[in-house]
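Structure first, commentary second.
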Amino acid sequence: MSSAAKTLELLALFSKSQPEIGLSQLCRLAHRDKTTTYRHLQALEEVGFVEQNPLTKRYRLGPVVLQLAQTRESTVPRKMGAEAALVELANATSETSHVSVLSGTYIYPLTSRESPRYSTRVIIDLQKYPLHATASGLCALAFGPSELIDVALKNMEAFTPFTLKTAEELKHAVVGAQETGFGYTNRSFDEGVLSIATPVFDQTGLFAGSVSVASVATRFTPELEHCILEHLIIASREITHNWGGTTPENIELIWAKKLSNFQIADTTA
Numbered sequence: 001m002s003s004a005a006k007t008l009e010l011l012a013l014f015s016k017s018q019p020e021i022g023l024s025q026l027c028r029l030a031h032r033d034k035t036t037t038y039r040h041l042q043a044l045e046e047v048g049f050v051e052q053n054p055l056t057k058r059y060r061l062g063p064v065v066l067q068l069a070q071t072r073e074s075t076v077p078r079k080m081g082a083e084a085a086l087v088e089l090a091n092a093t094s095e096t097s098h099v100s101v102l103s104g105t106y107i108y109p110l111t112s113r114e115s116p117r118y119s120t121r122v123i124i125d126l127q128k129y130p131l132h133a134t135a136s137g138l139c140a141l142a143f144g145p146s147e148l149i150d151v152a153l154k155n156m157e158a159f160t161p162f163t164l165k166t167a168e169e170l171k172h173a174v175v176g177a178q179e180t181g182f183g184y185t186n187r188s189f190d191e192g193v194l195s196i197a198t199p200v201f202d203q204t205g206l207f208a209g210s211v212s213v214a215s216v217a218t219r220f221t222p223e224l225e226h227c228i229l230e231h232l233i234i235a236s237r238e239i240t241h242n243w244g245g246t247t248p249e250n251i252e253l254i255w256a257k258k259l260s261n262f263q264i265a266d267t268t269a
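So for the sequence shown, full-length UniProt numbering puts the first residue at 1; every next one is plus one.
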């Protein structure tokens, strides 16, 4: 990894839950020595990517990050193109819905809509989604660039006892997503959450991100699953259209097959 990449990588350590970070903590989080981390922080501070709080001496994101975020959203307004579909998805399923986007080899949260019905609901508060442990990540592995699988295999952190642990388990889950059009995770990132995701495409015709529903696991039933699948398809089509894309024909076919098989299984149960 280049020095520039290592420097910029520090920015991903800041989040809503951790808006300010001290030098020593940054060293631990980045697994780097203090001299190197300080040098990288100085470079970021010089151009406004980070600033130091004069009272706490901790570092926080600088004004340039906000300017870039505003520029990105005004020129590539993906968040706006996803929000209406998320409202409809959350209302239809009564569970939290969210959209993630692919950037490089990472899946980042774009926007979310919490359950409008339940006080106990899933809250989306992540900086990036683990590829192996989230439904959004499995969608990226199934429909995104092929090199993502190598990235995932190098970062198989166990978040719960149900997190995928081996390359064989991961590849089995990815094949399942490719065959059905949906990535499933059951308590693999959070023991109380079951998630389903499906891909979203943009004007390039390529995978651009995922739309997902995260359900409280104890509320999940076959009826809710069917509802989620149907409305994820509707949301994916709408977001893909708003992002200038068209849903690939093969995705439409495997969606239809999944719903058909689900209905047959439900009828014969």
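Just so it is clear, CB atoms sit at the ideal spot from N, CA and C, and this is done for glycine as well.
Which whole runs of the beta strand (DSSP E) in the stretch 192-236 are 3 residues long or more, in chain order? 193-201, 207-216
Taking residue 100 and residue 107 to be in contact with their CB atoms under 8 angstroms, please state how far apart those CB atoms are, rounded to whole angstroms. 5 angstroms
Looking at residue 148: is its Cβ nearer than 9 angstroms to the Cβ of residue 164? no
C-alpha distance - residue 259 paired with residue 67, whole-angstrom precision: 43 angstroms
To which residues of the same chain is residue 116 closer than 8 angstroms at the C-beta, ignoring the five residues directly before and after it? 90, 91, 94
Residues in its own chain within less than 6 angstroms of residue 34 by CB, not counting five upstream and five downstream? 27
Residue 172 in three-state terms, based on DSSP: helix
Range of the contiguous alpha helix (DSSP H) that encloses residue 78: 78-93
Skipping 5 residues on each side, what residues in its chain have a beta carbon closer than 7 angstroms to that of residue 7? 40, 43, 44
Of the choices 213, 191, 32, 188, whose alpha-carbon is the least far from that of residue 199? The shortest Cα separation from residue 199 among 213, 191, 32, 188 belongs to 213.
Residues of its chain near residue 29, where Cβ-Cβ distance is below 6 angstroms and the 5 sequence neighbours each way are ignored: 13
CA-CA distance, residue 25 and residue 196? 34 angstroms
Roughly how many angstroms lie between the CA atoms of residue 160 and residue 243, to the nearest whole one? A direct Cα-to-Cα measurement between residue 160 and residue 243 gives close to 34 angstroms.
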